[in-house]
Amino acid sequence: MKITGKFAKAEAYDRNTGRFSRMLAGAFIEFAGVKDDERLLDVGCGTGALAFTAAALTHRSEIVGIDPSASFIEHARSQANDPRLRFDVGSALTLPYPDSSFAKCLSLLVIQFVPDVRRAISEMRRVTRKGGTVAACVWSRDDDPLHTVFWDSAAEVDPGAEGARDSRAYSQGQLSSLWIEGGFTGVEETALVIAPQFESFNDYWKPLVAGQGPSSSYLEGI
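Residue numbering for the sequence shown follows my numbering, beginning at 603 and increasing consecutively.
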C-alpha cells in the first residue's frame, strides 16, 4: 500500500486525527467487547491511540498494532512502555499473521481510506479466530457536523471537493452491509458520539492545516 504525504508525518497526524482517535477509543473498545486475556489486532493503528487505550483498559492481553506508515509505527514504538504492546509495519490488504491469530480485530478511523475495503475486511476476518469479533469505526456522513461543515463549505466553492467529502464517511447501514456481504453473522451497528472541545480556534485550526489527513491535505493543496 502506497503511503501518501497526508499520512506520513507522525507527530502532525497525532495532533489532528490522533486526538479524535483517542476520544473514540474507549467507547469503541467497549462496543467490541474487548476482554482481559484476549489477543487484539489494531489494523491501521496510526500512532497507536487505540492500542494504547486497549492496554490501559485491559489486563494480560497482547495487543498488536499494524500500519503501513513506518513513521507512525516508529512513533508508536517510541511511546510504548508496556511489554504487551507490539507495533508492526504492514498493510491491511495482506496482514502478515496466520489464520485465527486474534480474538478481536479492530480498525478505528481507517477503513474508509483503504483502497480495497472488501479485501481488508476479508483479511481481518481471516486472522480472527472463530467466535471472535471484527469491528470498524468510521466517520458518519449522517451526523458529523465537524467534518460535514468543512467539506460542505469546500464543495460550495470547489465542485471537486464533493467527491472527497462523500468518500470519507459512511452513511447508516453502509458499514454493516459490508460486514454481512463479507460473510459475518451477528452484525451490529451503532453510533459512538464524541463532543470535541478546543481551547481556541487555533487549537482546532493549526493541526488541521498541518498536512496530515484528507482535510489537511485539501487545505494544503489550495
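In this text, a Cβ means the ideal position worked out from N, Cα and C, and glycines have one as well. Values in this document were obtained by computation on a predicted structure and should not be read as measured data.
Residue i, DSSP secondary structure in three states
| i | result |
| --- | --- |
| glycine 733 | strand |
| aspartate 754 | helix |
| leucine 826 | Residue 826 lies beyond the stretch modelled for the chain, which goes from 603 to 824, so this question has no answer here. |
| glycine 628 | helix |
| isoleucine 723 | helix |
| valine 712 | coil |
| leucine 794 | coil |
| lysine 706 | strand |
| alanine 738 | strand |
Endpoints, alpha helix (DSSP H) assigned at residue i
| i | result |
| --- | --- |
| phenylalanine 674 | 672-681 |
| phenylalanine 800 | Segment: none, phenylalanine 800 is in no alpha helix (DSSP H) and carries neither H nor E. |
| phenylalanine 689 | Not the alpha helix (DSSP H): phenylalanine 689 falls in the beta strand (DSSP E), residues 687-691. |
| serine 778 | 776-783 |
CA-to-CA distance, residue j to residue i, given in whole angstroms
| i | j | result |
| --- | --- | --- |
| arginine 546 | leucine 695 | Coverage of the chain is limited to positions 603 through 824, which leaves residue 546 absent and any answer about it impossible. |
| glycine 785 | alanine 629 | 25 Å |
| glutamate 640 | serine 663 | 5 Å |
| cysteine 739 | alanine 656 | 15 Å |
| valine 736 | arginine 727 | 7 Å |
| methionine 603 | isoleucine 796 | At methionine 603, the pLDDT of 43 sits below 50, so the modelled position is not reliable and the matter cannot be decided from this model. |
| threonine 787 | valine 759 | 43 Å |
| valine 811 | leucine 659 | 32 Å |
| valine 636 | alanine 653 | 12 Å |
| threonine 730 | glutamate 676 | 25 Å |
| valine 691 | lysine 611 | 15 Å |
| alanine 672 | aspartate 718 | 20 Å |
The beta strand (DSSP E) enclosing residue i, as first and last residue numbers
| i | result |
| --- | --- |
| leucine 643 | 642-645 |
| glycine 635 | Run containing glycine 635: none; DSSP gives neither H nor E here. |
| glycine 650 | First-last for glycine 650: undefined, no H or E at that position. |
| glycine 667 | 665-669 |
Residue i Cβ short of 7 Å to the ligand ADP heavy atom set
| i | result |
| --- | --- |
| leucine 652 | For the ligand ADP, the structure offers nothing, since it holds no ligand at all. |
**Asked** How do the region 702-721 and the region 638-653 stand: do at least 3 beta-carbon pairs fall below 8 Å, yes or no?
**Response** yes
**Request:** Evaluate the contact criterion for the region 682-692 versus the region 664-672: three or more CB pairs, one atom per stretch, below 8 Å.
**Result:** yes
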